[in-house]
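Residue numbers (UniProt numbering): 1 to 704.
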């Protein structure tokens with residue numbers, strides 16, 4: 001749709017990475033057999049027609065019923081019922097006294113004043129009875145209205161009566177008009193594509209359409225409206241294939257399995273339920289908590305100890321959701337984690353890179369698919385030495401970038417490619433043979449500027465401030481037998497490049513964490529650096545790109561934080577998980593929390609980690625009540641006797657209660673509360689959207 005593969009990252013993959021779905025094109029591979037649609041056509045139509053009202057950030061909009069911003073005054077149930085009963089008894093007592101004449105005959109004076117005497121004569125027994133019993137009914141009704149208002153019977157009815165009982169659908173609702181029915185594709189009809197709308201509506205009624213189909217065709221139609229595709233091509237594809245039109249190049253219309261609840265109309269995935277807790281705003285209590293690209297575009301940082309549920313309740317649902325978005329042509333996702341971390345089946349991804357596994361079909365491009373030596377040197381330097389502490393002599397990434405550029409430029413000019421891992425290690429070690437061979441090849445090419453680069457590199461070898469030795473030691477982590485078949489630059493393998501994020505591709509990268517922890521962290525930094533560099537130069541930014549790092553230990557560097565801050569402007573985001581903020585250098589903890597718009601603290605957080613979250617969430621003004629009980633001193637003998645009787649009955653001295661209300665500033669969530677008051681399976685999550693809307697820290701149950 002956007003390219004035919006000729007504009008993809010050059011030399012980074014043998015076969016074109018799946019491209020965005022579009023009407024004029026056919027799938028890159030023959031479609032695989034897909035599952036039968038879930039449910040019948042009526043089930044799909046019911047799902048599609050379910051209301052999705054606008055809501056606060058993070059609220060699960062599917063079938064949501066908005067609540068007031070502020071909590072209405074709620075009387076305790078026991079007090080409400082007892083008050084209603086007492087009011088009824090008082091009304092019954094008043095009526096009994098009136099009926100039996102204990103209150104005199106004054107209450108019949110209005111009847112005698114406003115009716116003629118002839119109406120009350122005994123010779124007309126029927127009229128007389130109607131008059132008096134009607135008057136009695138009017139008086140009883142007035143007493144009942146007064147008692148109902150006094151006893152809050154209306155509140156009792158709303159809370160415990162039929163309005164509060166669970167309702168069962170007795171009859172199907174009347175379907176909406178074609179102009180309002182999303183299943184009739186009114187936007188296509190309004191644009192003149194009536195035949196395409198009829199074909200899609202028929203497939204939906206017949207049960208041949210699913211949520212991914214609807215989202216994919218909607219995305220393709222948006223491409224028509226924006227001018228990327230032609231109306232003729234779109235209409236022809238729909239009339240030919242119906243709900244299967246505009247397929248993702250993989251040919252898939254759904255994932256093999258789904259473990260989470262998704263709504264592709266709003267783009268949300270449900271993570272849990274906001275707890276009915278007083279610390280949560282009233283409008284959020286009891287609502288579903290969901291995330292989508294509009295929130296992930298500001299990046300998410302989740303911190304919690306091992307076993308807190310980061311992978312199962314956060315990473316896996318988000319990866320599953322973004323893979324569905326990719327099938328709909330809306331997103332590109334790269335999921336990075338340790339092998340066997342449970343990031344979804346291989347069938348759910350287009351590309352699976354298993355680094356260190358000889359059976360891996362795909363390789364990882366060490367240089368990110370670029371042909372610019374300076375760009376490749378900057379990204380590789382960030383991966384190799386970006387995590388080193390400032391006092392370390394090799395911690396300066398700029399010097400490391402310069403050293404790498406002095407070698408990568410001449411090597412590419414001679415060989416037409418970048419060096420492999422063993423070749424790069426030899427060059428960084430300053431071995432005389434490879435450097436001499438490189439110089440000889442350059443002398444005959446007439447590239448004096450590259451010769452000067454090589455001369456400068458040879459002069460710096462062995463100096464105290466030279467960082468080539470540190471770089472060589474880091475490259476040696478990848479020059480191991482387990483990685484012998486990886487990071488190939490000769491074109492013999494199928495390397496994957498993050499330059500392919502212009503397309504709705506689903507990628508999973510398995511890191512060899514067991515036995516190669518340092519190499520895994522270095523590769524994670526490499527992927528993050530390549531991701532931030534690639535999304536900044538994408539041609540099609542309407543495609544949301546997201547990187548999910550299941551364990552970001554050792555990945556956060558100053559350059560990584562700056563890169564995360566820039567993702568928002570490129571319609572991209574990152575999801576990072578950490579066991580503790582101690583895995584991040586102290587100077588970078590504040591900037592990292594500031595760069596991530598969505599922050600999650602899971603159960604089991606340490607108090608010192610909680611302190612960092614408490615500081616970034618800040619304080620709020622709240623109402624504090626101070627209650628003081630003051631003993632009442634009786635002055636008269638009768639008062640003293642009454643107090644003595646009351647003390648005998650209640651066991652307490654008579655007191656007067658004084659309530660003082662004042663506004664105080666307190667932390668939204670203190671470090672102690674985050675460490676000790678978050679129940680297992682819960683998390684505290686704050687949200688920020690790409691348009692600036694935000695939600696305060698919310699206590700969320702991730703198990704529901």
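Beta carbons are placed, not taken as given, at the ideal position from N, Cα and C, and that holds for glycine.
Helix, strand or coil at residue 71 [DSSP, three-state]: Residue 71 falls in the coil class under three-state DSSP.
Exposed unless 16 or more other CB atoms sit within 10 angstroms - verdict on residue 240: That one is exposed.
Among 536, 615, 587, nearest to residue 545 - alpha-carbon criterion: The option with the nearest alpha carbon to residue 545 is 536.
9 angstroms Cβ cutoff met for residue 336 and residue 527: Taking 9 angstroms as the Cβ cut-off, residue 336 and residue 527 qualify as a contacting pair.
Three CB pairs or more closer than 8 angstroms across the region 269-283 and the region 567-587: As far as the Cβ criterion goes, the region 269-283 does not touch the region 567-587, which means the pair count is below three.
Outcome for residue 575 when other beta-carbon atoms lying within 10 angstroms are tallied against a minimum of 16: By the neighbour-count definition (other C-beta atoms within 10 Å, threshold 16), residue 575 is a buried residue.
Touching by the beta-carbon criterion (3+ pairs, under 8 angstroms), the region 444-459 and the region 322-332: Two segments are said to touch when three or more pairs of C-beta atoms, one from each, lie closer than 8 angstroms; by this definition the region 444-459 does not touch the region 322-332.
Straight-line gap, residue 403 to residue 584 (C-alpha atoms, nearest Å): When rounded, the distance between both Cα atoms is 27 angstroms.
Nearest neighbour of residue 361, chosen from 488, 343, 542 [CA to CA]: Selected option, being the one with the closest Cα: 488.
C-alpha gap between residue 520 and residue 700, whole angstroms: Their backbone Cα atoms lie some 32 angstroms apart in a straight line.
Residue 248 - DSSP class collapsed to helix/strand/coil: Note: residue 248 maps to coil in three-state DSSP.
Exposed unless 16 or more other CB atoms sit within 10 angstroms - verdict on residue 232: Looking at its Cβ environment, which holds fewer than 16 other Cβ atoms inside 10 Å, residue 232 is exposed.
Boundaries (first-last residue) of the beta strand (DSSP E) holding residue 694: Annotation: the continuous beta strand (DSSP E) that includes residue 694 extends over 694-701.
One or two residues paired with residue 213 in a DSSP bridge: Answer is none; residue 213 lacks a bridge partner.
Beta-carbon spacing of residue 256, residue 350 below 9 angstroms: If you check the CB distance, residue 256 and residue 350 do not come in under 9 angstroms.
Three-state class that DSSP yields for residue 621 in the structure shown: Reduced to three states, the DSSP call for residue 621 is strand.
Rounded distance between the beta-carbons of residue 305 and residue 604, thought under 8 angstroms: Contact between residue 604 and residue 305 is confirmed by a C-beta separation of about 4 angstroms, below the 8 angstroms threshold.
Whole-angstrom distance between residue 265 and residue 188, CA atom to CA atom: So the alpha carbons of these two residues sit roughly 17 angstroms apart.
Residue 415 versus residue 431: straight-line alpha-carbon distance, rounded: Computed Cα separation, rounded: 18 angstroms.
Residues bridged to residue 575 (per DSSP): Paired residue(s): 300, 548.
Where residue 158 falls, given that 16 or more other Cβ within 10 Å makes a residue buried: Residue 158 counts as exposed, since fewer than 16 other C-beta atoms from the protein chains shown sit within 10 angstroms of its C-beta.
Neighbourhood of residue 451 by C-beta distance below 6 angstroms, restricted to the same chain and skipping five residues each side: For residue 451, where only same-chain residues beyond five positions count, the Cβ hits under 6 angstroms are 442.
Inter-stretch contact at 8 angstroms, needing at least 3 Cβ pairs: the region 144-152 / the region 84-94: Under the Cβ criterion (8 angstroms, minimum of three pairs), the region 144-152 counts as touching the region 84-94.
Straight-line gap, residue 469 to residue 388 (C-alpha atoms, nearest Å): Rounded to the nearest angstrom, the two C-alpha atoms are 14 angstroms apart.
For residue 154, the first and last residue of its enclosing alpha helix (DSSP H): Annotation for residue 154: the continuous alpha helix (DSSP H) segment containing it runs 153-160.
Length of the line joining the Cα atoms of residue 708 and residue 251: Since the first residue of the chain shown is 1 and the last is 704, residue 708 is not available in this structure.
Close Cβ partners of residue 331 (< 8 angstroms) along its chain, the five nearest in sequence each way excluded: Its chain contains 293, 322, 325, 504, 543, 544, 545, 546 as the residues whose beta carbon lies nearer than 8 angstroms to that of residue 331, once the 5 sequence neighbours on both sides are disregarded; these appear in chain order.
Range covered by the beta strand (DSSP E) that runs through residue 685: 682-688 is the span of the beta strand (DSSP E), which, as asked, contains residue 685.
Cβ contact (3+ pairs, closer than 8 angstroms) linking the region 472-492 and the region 419-428: With the cut-off at 8 angstroms, the region 472-492 and the region 419-428 touch.
Neighbour-count burial assignment, residue 352, 16 or more Cβ in a 10 Å radius: With 16 or more Cβ atoms within 10 Å of its Cβ, residue 352 is classed as buried.
First and last residue of the uninterrupted alpha helix (DSSP H) at residue 233: Following the DSSP letters along the chain, one finds residue 233 inside the alpha helix (DSSP H) bounded by residues 231-241.
Residue 657, enclosing beta strand (DSSP E) - first and last residue: Where residue 657 is concerned, the enclosing beta strand (DSSP E) stretches over 655-667.
Residue of 208, 69, 60, 99 minimising C-alpha distance to residue 45: It is 208.
According to DSSP, residues forming a beta bridge with residue 263: According to DSSP, which records beta bridges pairwise, residue 263 is partnered with 268.
Length of the line joining the Cα atoms of residue 357 and residue 482: The alpha-carbon atoms of residue 357 and residue 482 are separated by roughly 8 angstroms.
Per-residue burial, residue 355 [other beta carbons within 10 Å of its own, 16 or more giving buried]: Buried is the label assigned to residue 355, since at least 16 other Cβ atoms lie within 10 Å of its Cβ.
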